[in-house]
Each structure stands twice: as structure tokens, then as C-alpha cells.
Amino acid sequence: MVLTGNKPARELIDFYLEAGVDALLNEAPVDHFAEEPPPLQPAVRAAPAAAPETRFPAGPAPAFPQAPDAAVMEARSTAKGAQSLEELREILQRFDGCALKATATQLVFADGTPGARVMLVGEAPGRDEDLEGLPFVGRSGKLLDRMLAAIGLDRTQVYIANIVPWRPPGNRTPTPQESQICLPFITRQIELANPDILVCLGGPSAQTLLGLKEGITKTRGRWFNFDTGTREIRAIPTFHPAFLLRSPLQKRFAWRDFLAIKKALAAN
Ligand code: URA
Numbered sequence: 074m075v076l077t078g079n080k081p082a083r084e085l086i087d088f089y090l091e092a093g094v095d096a097l098l099n100e101a102p103v104d105h106f107a108e109e110p111p112p113l114q115p116a117v118r119a120a121p122a123a124a125p126e127t128r129f130p131a132g133p134a135p136a137f138p139q140a141p142d143a144a145v146m147e148a149r150s151t152a153k154g155a156q157s158l159e160e161l162r163e164i165l166q167r168f169d170g171c172a173l174k175a176t177a178t179q180l181v182f183a184d185g186t187p188g189a190r191v192m193l194v195g196e197a198p199g200r201d202e203d204l205e206g207l208p209f210v211g212r213s214g215k216l217l218d219r220m221l222a223a224i225g226l227d228r229t230q231v232y233i234a235n236i237v238p239w240r241p242p243g244n245r246t247p248t249p250q251e252s253q254i255c256l257p258f259i260t261r262q263i264e265l266a267n268p269d270i271l272v273c274l275g276g277p278s279a280q281t282l283l284g285l286k287e288g289i290t291k292t293r294g295r296w297f298n299f300d301t302g303t304r305e306i307r308a309i310p311t312f313h314p315a316f317l318l319r320s321p322l323q324k325r326f327a328w329r330d331f332l333a334i335k336k337a338l339a340a341n
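In our numbering, the protein residues as written are 74 to 341.
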């Protein structure tokens with residue numbers, strides 16, 4: 074990292090952290106204005122074997138970024154072809170249409186048990202998830218575990234995934250375009266996992282999956298029908314655990330939603 078002016082290093086690092094720069098890609102800084110291209114350097118972070126070099130491509134240019142429309146079309150046709158969740162994971166590993174793959178450490182596909190009666194879908198992996206390769210393992214994941222435990226469930230009794238399976242840099246919200254590119258994959262994942270109840274964690278998940286325009290405060294706790302492509306199931310939006318960590322007073326509403334889920338499970 075190059076320190077400029079008289080700014081103390083700590084202040085500059087804080088600034089970078091706040092801006093979402095929380096991972097080191099290379100040991101030496103890069104002068105993007107230099108006339109000569111920088112020499113190739115090994116990435117500091119371990120990248121998955123198949124991941125293309127993201128900063129200094131050595132060979133032919135990587136396949137992405139692809140035109141968004143073409144990426145959505147490719148996502149639709151390849152996701153449809155997946156006959157199992159394992160096949161879907163492999164297809165996603167090879168998919169280059171979402172630029173987030175270039176900055177993420179790895180694909181975060183799912184946790185829990187496929188075929189569980191409840192499937193929860195969040196927004197996108199955060200830093201902890203990106204490092205572990207599993208959804209909801211950070212602070213919000215711990216809260217989610219407690220919410221599930223409150224209705225007698227644990228992670229092995231549900232199936233968990235995200236709309237977008239790669240971490241957006243700095244944990245920003247995925248753009249609508251990124252969500253649309255990844256949508257065919259998560260909808261196929263829901264179809265193949267075949268839950269009875271779909272729980273949308275947070276507004277972006279509910280809006281993307283259920284096509285809702287209203288925000289989560291209006292839609293949480295309401296039941297919707299969701300067509301998996303094979304059958305119609307029930308879906309319920311609720312507050313995202315990360316939001317509940319910031320606004321603990323809202324937990325009572327999430328508690329009501331989880332009780333509604335418990336009741337729906339008992340009814341069938
Ligand atoms: N937030 C999400 O939406 N998903 C995760 O996996 C973790 C945090």
C-alpha cells in the first residue's frame with residue numbers, strides 16, 4: 074500500500090476499510106497510471122484452482138465481463154440443464170457471466186440439507202462466508218441459528234442459500250443486474266432442493282424472488298405463493314438477521330414470522 078501525503082497510516086487504513094477494501098490482492102502496490110504494465114505477481118489470497126487471474130491476466134483475456142443480457146441468457150439455459158444440485162454447483166463454478174466471481178474468494182453455494190422442508194435465501198455472502206465457502210457463518214449467521222433454534226430447527230434441518238453466490242466487494246448490496254444474472258441459478262436451486270416453505274431473508278431476497286415492489290417492512294410476515302417450476306409452495310419474507318443485529322427492537326416481528334413458519338410446518 075502506498076501512503077500518500079502526511080495522513081497517518083491508521084487513518085488511511087480506516088478509510089480503506091470503510092470504503093470496503095478489506096482484502097489484500099497482491100503484496101506490492103500497483104501504479105495503474107504507469108506506462109509499462111506491472112510485472113506479474115502471485116495473488117496473496119488463495120484463489121480456487123479454476124478461478125481466472127483477476128488483476129494481471131497472463132494469457133488470453135478472461136471470459137468476463139460478459140454483456141449482461143448474454144449473461145442472463147447463458148445463466149437461464151445452463152441452470153435449466155442442471156439435473157441435480159451437485160450439477161448446478163459445477164455449472165456455477167464454470168459460469169463467468171457475473172463479474173463478482175472475479176473479486177470473490179470462492180463460490181458460496183449452500184449449507185444445510187437439500188430436501189429439507191424449509192429453505193432460507195439471503196442476499197449475498199459477506200466476508201466470513203466468502204472465506205469459509207458457506208452461507209450465513211458470520212455474525213448474522215449466528216443470529217439466524219438462534220432464530221431457527223427458537224422454533225426447534227437447526228442448520229441440518231433446513232437448506233440455506235443466497236440470491237448471489239459470490240461476495241460483492243465490501244459487502245455492498247448486489248446490483249439489480251448482478252441479481253438478475255444470478256436469478257436463474259437460485260430459482261433452479263429452489264426447484265431442485267424442493268422445499269415446502271421458502272423464507273426470503275431481507276428485502277432484496279423477497280423482491281428478487283417474489284417480484285415484490287414494496288419494501289420488507291410492508292411484506293414481512295405475509296404468505297405468498299411461489300412457483301418452483303415443478304409445484305407451488307408457500308413463501309414468507311422476513312427481516313434479514315444483519316438488519317436485526319442493527320435494529321434489535323425489530324426482532325419481535327421476526328419472532329412472529331418464525332412462529333408462523335413453525336405453525337405452517339405443523340399444519341402439513
Ligand atoms: N448475509 C447474507 O445475505 N447471506 C450470507 O450468506 C451472509 C450474510
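Heads up, the beta-carbon is just placed ideally off N, CA and C, and yes, glycines get one too.
The region 284-293 makes no contact with the region 248-257; the number of CB pairs closer than 8 Å stays below 3.
For Gly-185, the beta-bridge partners assigned by DSSP are Tyr-232.
Under DSSP, Cys-273 forms a beta bridge with Val-194 and Pro-310.
Shown here, Asn-244 sits in a helix according to DSSP, grouped into three states. Counting along the chain, the unbroken beta strand (DSSP E) around Phe-299 starts and ends at 297-300. Of the residues assessed, Ala-308 falls on the buried side of the cut-off, its CB having 16 or more other CB atoms within 10 angstroms. Here Gly-188 has Ala-266 and Asn-267 as same chain residues with Cβ atoms under 7 Å from its own Cβ, once five neighbours each way along the sequence are excluded.
Fewer than three pairs of CB atoms, one per stretch, sit closer than 8 Å, so the region 213-220 makes no contact with the region 236-249. When secondary structure is reduced to three states using DSSP, Glu-305 falls in the strand class. Here the region 289-299 does not lie against the region 198-212, with fewer than 3 beta-carbon pairs under 8 Å apart. Here Arg-83 is exposed. Its C-beta has fewer than 16 other C-beta atoms within 10 Å.
Within the model, the alpha-carbon separation for Pro-208 versus Gly-199 is close to 8 Å. The beta-carbon distance between Glu-196 and His-313, rounded to whole angstroms, is 7 Å. This is short enough to meet the 8 Å contact definition. In this structure, Ser-252 has its beta carbon at no less than 6 Å from each heavy atom of the ligand URA.
Taking the C-beta atoms as reference points, Ala-327 is found nearer than 7 Å to Leu-317. DSSP, read as helix, strand or coil, puts Pro-249 in helix.
The closest CA to that of Ala-140, considering only Ala-148, Gly-170 and Asp-227, is found on Gly-170.
Of Pro-277, Gln-280, Gly-276 and Val-181, the smallest CA-CA separation from Ile-233 is found for Val-181.
For Gly-276, the Cβ stays outside the 6 Å cut-off from all heavy atoms of the ligand URA. Under the three-state reduction of DSSP, Pro-208 is assigned to coil, being neither helix nor strand. For Ala-177, there is no enclosing alpha helix (DSSP H), as DSSP gives it neither H nor E. Beta-carbon to beta-carbon, Pro-310 and Ile-289 are separated by about 6 Å, close enough to satisfy the 8 Å threshold. For the ligand URA, a non-hydrogen atom lies closer than 6 Å to the CB of Gly-199.
Minimum Cα-Cα distance from Pro-249 among the listed residues Leu-173, Lys-153 and Thr-178 corresponds to Leu-173.
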